[in-house]
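Q:
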Amino acid sequence: MRKTLTAALLATAGLAFALPAFADGELHIYNWGDYTNPKLIEKFEKQYNVKVTLDDYDSNETMLSKVRAGNSGYDIVVPSDYTVKIMVEEGLLEKTEPDQMANFKNMRPEFVDVYWDSGRHYTVPWQFGTTAFAVDTAKYSGNIDTYAILFNPPDALKGQINVLDDVNSVMHAAERYLGVPRCGADKANLKKVNDLLDAAKPNWKTFSYDTITKMTSGDVIVSQTWNGAAYRMRQKISTIKYAYPKEGIEGWMDNVAVLKGAKNMENAKLFQNFVMDPENAALISEFAGYDNGITGSHAFLPADFGQSPEIQPPAGSPTPEFVPPCPADVVAIYNKIWTNLRK
Amino acid sequence: MSAPPPASPRERQADRSAARRNRWLAGPAVTIVALFGIVPLLIVLVYSFLAPAPYGGVQWKFSTDAYLNFLFQRDIFSDALEFSPAFLLIYLRSFVFAVITTLICLALGFPTAYFMATRPPEQRNWWVLLITIPFWSNLLVRTLAIMFIIRDEGLINMALMGLGLIDKPITMLYTNFAIVLGLFYSFLPFMVLPLYSSLEKLDFRLVEAAHDLYATRRQVLWRIVIPMSAPGIVAGCLLVFIPALGAYVTPLILGGGTHLMIGDLIAQQFGSGRNWPLGSAQALILMAAVLVALWVYVRNAAKGGKHG
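So the sequences go chain by chain: Z and B. Numbering-wise, the numbering used here comes out as the position in the first sequence, counting from 1, plus 197. Numbering-wise, the numbering used here comes out as the position in the second sequence, counting from 1, plus 59.
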């Protein structure tokens, strides 16, 4: 028994010493699950002779609490817009100055001065997308480019709607439909939002993130969802259409950030520069199905994806709005409305 | 009854040192429970008395708001502090689902366990093995499978419509029925196994004796079999009730999420709710409720056992 244990220990120790010898260095990436193209990682490993390890999380909050606890061992994380803001404010990210990097010239200008990292001193784009909803137009042929589909649906859609199990997506959609500002603390407006949700809820079948299955299985005719997910739905059912509601549309972006004091700092910076290369950015999009914020990457994408209505909004569509995190007192009221809605 | 001869001082000392030596055997388990069970619980307790930080986490400021907010909330619109039943309703719903699940598991698990316990001894292990088959695959996968079977365009509705028994699908998915079905399915083995282990030890000569004394089948069941298997019933009910109460995945997937359960509610506070103290308080209130329910239940079960 003792002998096997010793042998096992030796083997483990040997492995630990042997690992770094394979490559000049290491890089530990912590990204959303099912979001990183293995080809991208392989290419980076070959190009810089770096051994990459990849770990995944399911929400910004999960990632944030692990990073806050310290000693996570990760070099790179991929937080969403508002989470970048929180992490910068809390001093969790390294100021790597991507604006000085060689490939920075490829970043689309509208993504340089963003609210979460103005001038891009910390982060570079990974992917961005929009949040609206998709409708199976074989089952409903009316106009879909309005939030009335969710909040005041025609009879044919009543009880056939899935909304995201996400307080912000639903609240912001309702605020757009009513024409009141995002994260507004005005009580009269919040009351209007509350009444709208209360009246709409009986028409909703489910609250779920699992939007693709809900739509492609025929459980619902309408689902709040993201543009990339809508693209994947359409590959299965060609009549599913992504809506660009006239009242406005939510934008979001996930960003490659380096953790403060990362062990493999130089490799992490190399990676930030690497993903701003159009060909590499295209690899990211090809795998996960969203646009990436890098000029020239569309040339490397399959045409039916790069030119699809989900990726290239039709003319006249609203400009995506990136909403900063709401202040704490508004979050508290949002939660009350949200819990009351589902009690 | 004769008392055992008193142990000599030397024997007693030997016993004690053996006990002392054996005590260390529990060491690893005790350490793990203390480190990963009690310490986190203390952290939860401390957090529940702090104020929330703006982006999740806590501020080191004493506050009882989390507990106060459980029952009373400032009205969103008039700012008056008033009784708010939202959380209570969610807890109540979870309790009702857990109780119904436990009762169905008991009603269907008992005959199953009885059947297993009355097989010839060499067959019994095979039956136990069959009961454990569901554990061989992940709960999430099995729950998704139920979803595919009971959905509007699923196996059951397609079959019934194919046979011409119904013309419109019966909506089962995303209803309370689906939640209870999923919970019952997930937890049935936890009822059957303890019931089986206590029925297996039942001395069936007592049953024969009762029949010889002209007891009816009903009398045999209620006065012999059930009282003798009470420990299994208690254990089974606890093993089903407690996890069913906090179940997270099953209600979320099969219920469609239109109504929150305790598990969703607590998870929400640590995610988009950004209110860790409230989530901690909700978790502790759940624990306290379970402990009270347990205490009442075990006391009654013990009493019932004695009188029955």
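For every residue, glycine included, the Cβ atom is placed at its ideal position computed from N, Cα and C. This one's a predicted model, so the numbers in the text were calculated from it and none came from an experiment.
Throw me the rounded Cβ distance for the residue 358 of chain Z and residue 438 of chain Z pair, which I believe falls under 8 Å.
A: That pair is no contact at about 15 Å.
Q: Terminal residues of the continuous alpha helix (DSSP H) containing residue 323 of chain B?
A: For residue 323 of chain B, the uninterrupted alpha helix (DSSP H) run begins and ends at 321-329, by DSSP.
Q: What are the boundary residues of the alpha helix (DSSP H) that residue 248 of chain B is part of?
A: 235-259
Q: Does residue 436 of chain Z get closer than 7 Å to chain B when you measure Cβ to Cβ?
A: no
Q: What's the gap between the Cα of residue 289 of chain Z and the Cα of residue 255 of chain B?
A: 54 Å
Q: Compute the beta-carbon to beta-carbon distance between residue 227 of chain Z and residue 252 of chain Z, rounded to the nearest angstrom, for a pair I have assumed lies under 8 Å.
A: 5 Å
Q: Could you tell me whether any Cβ in chain Z is nearer than 7 Å to the Cβ of residue 107 of chain B?
A: no
Q: Assign residue 218 of chain Z to one of two classes, buried (16 or more other C-beta atoms within 10 Å of its C-beta) or exposed (fewer than that).
A: At residue 218 of chain Z, the pLDDT of 41 sits below 50, so the modelled position is not reliable; the number obtained from the coordinates is stated separately. Flag for residue 218 of chain Z reads exposed.
Q: Looking only at DSSP bridge pairs, what is residue 3 of chain B linked to?
A: The first residue shown for chain B is 60 and the last is 367, placing residue 3 of chain B beyond what the model contains.
Q: So what's residue 411 of chain Z in DSSP terms, helix, strand or just coil?
A: It is helical.
Q: Just the Cα atoms here: how many angstroms apart are residue 314 of chain Z and residue 513 of chain Z?
A: The straight-line gap from Cα to Cα measures roughly 28 Å.
Q: Of the residues Z:242, Z:269, Z:371, which one's Cα is nearest the Cα of residue 446 of chain Z?
A: Z:371
Q: Kindly confirm or deny that the segment 306-325 of chain B and the segment 525-540 of chain Z touch, where touching means at least three C-beta pairs closer than 8 Å.
A: yes
Q: Closest Cβ-Cβ distance between residue 348 of chain B and chain Z: below 7 Å?
A: Interface flag for residue 348 of chain B against chain Z is unset, since no Cβ pair is found closer than 7 Å.
Q: I want to see whether chain B comes within less than 7 Å of residue 198 of chain Z, judged by CB atoms only; does it?
A: Any answer about residue 198 of chain Z is weak, because its pLDDT of 36 lies below 50 and its placement is not dependable; what the coordinates show is given next. With 7 Å as the cut-off, residue 198 of chain Z does not count as an interface residue toward chain B.
Q: How would you list, in chain order, the residues of chain B whose beta-carbon sits under 8 Å from the beta-carbon of residue 519 of chain Z?
A: Within 8 Å Cβ-Cβ: nothing; residue 519 of chain Z doesn't reach chain B, min ~17 Å.
Q: Short check: CB of residue 521 of chain Z to CB of residue 312 of chain Z, under 7 Å?
A: yes
Q: Where do the N-terminal and C-terminal ends of the alpha helix (DSSP H) with residue 39 of chain B fall, by residue?
A: The first residue shown for chain B is 60 and the last is 367, placing residue 39 of chain B beyond what the model contains.
Q: Checking 7 Å against the spacing of the C-beta atoms, do residue 241 of chain B and residue 309 of chain B come in under that value?
A: yes
Q: Could you tell me which residues DSSP puts in a beta bridge with residue 449 of chain Z?
A: Z:326
Q: Would you grab the beta carbon distance between residue 122 of chain B and residue 109 of chain B for me? Rounded to a whole angstrom, and I think it's under 8 Å.
A: 6 Å
Q: For residue 450 of chain Z versus residue 295 of chain Z, is the C-beta distance shorter than 7 Å?
A: Note that the C-beta distance between residue 450 of chain Z and residue 295 of chain Z is not below 7 Å.
Q: Below 7 Å on C-beta distance, what does residue 132 of chain B contact in chain Z?
A: 533
Q: Starting from residue 536 of chain Z, trace the beta strand (DSSP E) both ways and give me its first and last residue.
A: Premise fails: residue 536 of chain Z lies in the alpha helix (DSSP H), 525-538, not in any beta strand (DSSP E).
Q: Helix or strand or just coil, what does DSSP make of residue 142 of chain B?
A: strand
Q: Based on the DSSP secondary-structure assignment, which residues constitute the bridge partners of residue 290 of chain Z?
A: Z:456.
Q: Using the C-alpha atoms, what's the distance from residue 242 of chain Z back to residue 456 of chain Z?
A: 20 Å
Q: Can you name the residues of chain B whose CB is closer than 9 Å to the CB of residue 415 of chain Z?
A: Ordered by position in chain B, the residues that pass the 9 Å Cβ test against residue 415 of chain Z are 210, 211, 212.
Q: Measure the C-alpha to C-alpha separation of residue 201 of chain Z and residue 92 of chain B and round it to an integer number of angstroms.
A: Only weak support is given to the placement of residue 201 of chain Z: the predicted model assigns it a pLDDT of 42, under 50, and the value that follows is read from those uncertain coordinates. Each residue's alpha carbon lies about 28 Å from the other.
Q: Do residue 408 of chain Z and residue 426 of chain Z come within 7 Å of each other at the CB atom, strictly closer than that value?
A: yes
Q: Using a C-beta to C-beta distance shorter than 7 Å, which residues of chain Z count as neighbours of residue 116 of chain B?
A: 265
Q: Please classify residue 493 of chain Z as buried or exposed, where buried requires at least 16 neighbouring CB atoms within 10 angstroms.
A: exposed
Q: So which residues on chain B does residue 401 of chain Z lean against when the C-beta distance must stay under 7 Å?
A: 317
Q: With distances taken between CB atoms, is the gap from residue 250 of chain B to residue 299 of chain B smaller than 7 Å?
A: yes
Q: In the DSSP assignment, find the alpha helix (DSSP H) that holds residue 568 of chain Z and state where it starts and stops.
A: Residue 568 of chain Z falls outside the range modelled here, since chain Z spans only 198 to 540, and no answer is possible.
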